[in-house]
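Structure, as structure tokens:
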Amino acid sequence: MNYLAHLALIPSNSGDHSDALRIGNLLGDFIKGTESSLRLQLPADLVDGIILHRAIDKFTDSHPAFLASKQLLAPERRRYAGVVVDIIYDHFLSLHWEKYHTGKLDQFISNIYTILDTNKEWQLGKLKEAFPSLKAQNWLASYATREGIHETFRRVSQRGKFTTPIAETHIDFNDHYQSFEEHFHLIYKDLIDYTQKFSF
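Rendered as structure tokens:
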């Protein structure tokens, strides 16, 4: 799952800890380290979120829907499936937000930016570098449009010397749009069940 899904997928009983848990679940994409080393450095709720992030990624990578989505990618892009399929699924989460979550997506996104602005000490690792662009360009909202997804593929393709094939993922995305959407619904329903039962 990509940024939006990780921010959304937390146990409903997290209560007062939900903000830190959400940001920790996002931080899993930006910070490294073993659980024990992280617990020596960071607040417990943030580390719980990072652990949840890793569990979600592991669950996703072995799910039949993800494996089916991976096969829809051109062979030269399958090695990046963990990145590009996650981005594609965030598109469908944006479109179907109110089917799975209460409230409006734009308000949820606004709240996330407020949480990160208010708790600058939670902007850790590479998130501290990425957050100004993430907010200014409103990455979380951009997933709702095909143009936004295409731009995300282009941006991600520039991360390294060998990631340029990602820029052409819009071809797979457009060619197999309905199948990706079907796969998203299958996996996201299972992920909601999984995260609601998750114990730290």
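Note that this note's numbering has the sequence shown beginning at 35, numbered continuously upward.
For each residue, glycine too, the CB sits at the ideal point set by N, CA and C.
Predicted, not measured: the structure shown is a model, and the values here were computed from it.
Cβ contact (3+ pairs, closer than 8 Å) linking the region 98-108 and the region 207-227: With a cut-off of 8 Å, the region 207-227 and the region 98-108 count as touching, because enough Cβ pairs lie within range.
Expressed to the nearest angstrom, what Euclidean distance is found between the alpha-carbon atoms of D124 and P109? Here the question's residue 124 lines up with position 90 in the sequence shown. Here the question's residue 109 lines up with position 75 in the sequence shown. Cα to Cα, the separation comes out at about 22 Å.
Taking the continuous alpha helix (DSSP H) assigned at R189, which residues delimit it? Here residue 189 is taken as the residue at index 155 of the sequence shown, counted from 1. Counting along the chain, the alpha helix (DSSP H) containing R189 begins and ends at R180 to S191.
Going by alpha carbons, who is nearest to T203 out of G83, I84, L158 and R111? On the sequence shown, residue 203 is found 169 positions in, with the first residue counted as 1. Ranking the options by Cα distance to T203, first place goes to R111.
Assess contact between the region 179-195 and the region 84-96, defined as three or more Cβ pairs (one per stretch) separated by less than 8 Å. Is contact present? no
What distance in whole Å lies between the Cβ atoms of L60 and I226, which are believed to be in contact at a cut-off of 8 Å? As a first step, residue 226 must be located in the sequence shown, where it is residue number 192. As a first step, residue 60 must be located in the sequence shown, where it is residue number 26. Not quite, the Cβ-Cβ distance comes to about 18 Å (not below 8 Å), so this is no contact.
With DSSP run on the structure shown, which of helix, strand or coil describes S103? On the sequence shown, residue 103 is found 69 positions in, with the first residue counted as 1. If DSSP states are grouped into helix, strand and coil, S103 belongs with the helices.
Using only the alpha-carbon positions, how far apart do Q105 and A115 sit? Taking the first residue of the sequence shown as position 1, residue 105 is located at position 71. Taking the first residue of the sequence shown as position 1, residue 115 is located at position 81. Computed Cα separation, rounded: 9 Å.
Does the region 157-170 come close enough to the region 192-211 that 3 or more CB-CB pairs lie under 8 Å? no
From F207 to N36, what does the alpha carbon distance come to, in whole angstroms? What you label residue 207 is simply residue 173 of the sequence shown in a count that begins at 1. What you label residue 36 is simply residue 2 of the sequence shown in a count that begins at 1. One C-alpha to the other measures close to 16 Å.
Got a sec: does the ligand SAM put a non-hydrogen atom nearer than 8 Å to the Cβ of I149? Absence of the ligand SAM is noted for the structure shown, with no ligands found whatsoever.
Spell out a yes or no on whether the region 81-91 and the region 55-72 are touching, meaning 3 or more CB-CB pairs, one atom from each, closer than 8 Å. yes
D95 - containing alpha helix (DSSP H), residue span: Counted from its first residue, the sequence shown places residue 95 at position 61. Element bounds for D95: A78 to D95.
Exposed unless 16 or more other CB atoms sit within 10 angstroms - verdict on A78: On the sequence shown, residue 78 is found 44 positions in, with the first residue counted as 1. So A78 counts as exposed.
Select from Q230, F234, Y222 and Y228 the residue whose C-alpha is nearest the C-alpha of F126. By one-based count along the sequence shown, residue 126 stands at place 92. Minimum Cα-Cα distance from F126 among the listed residues Q230, F234, Y222 and Y228 corresponds to Y222.
According to the Cβ coordinates, are I65 and G159 closer than 9 Å? Taking the sequence shown and counting its residues from 1, one reaches residue 65 at position 31. Taking the sequence shown and counting its residues from 1, one reaches residue 159 at position 125. Yes, the Cβ-Cβ distance between I65 and G159 is below 9 Å.
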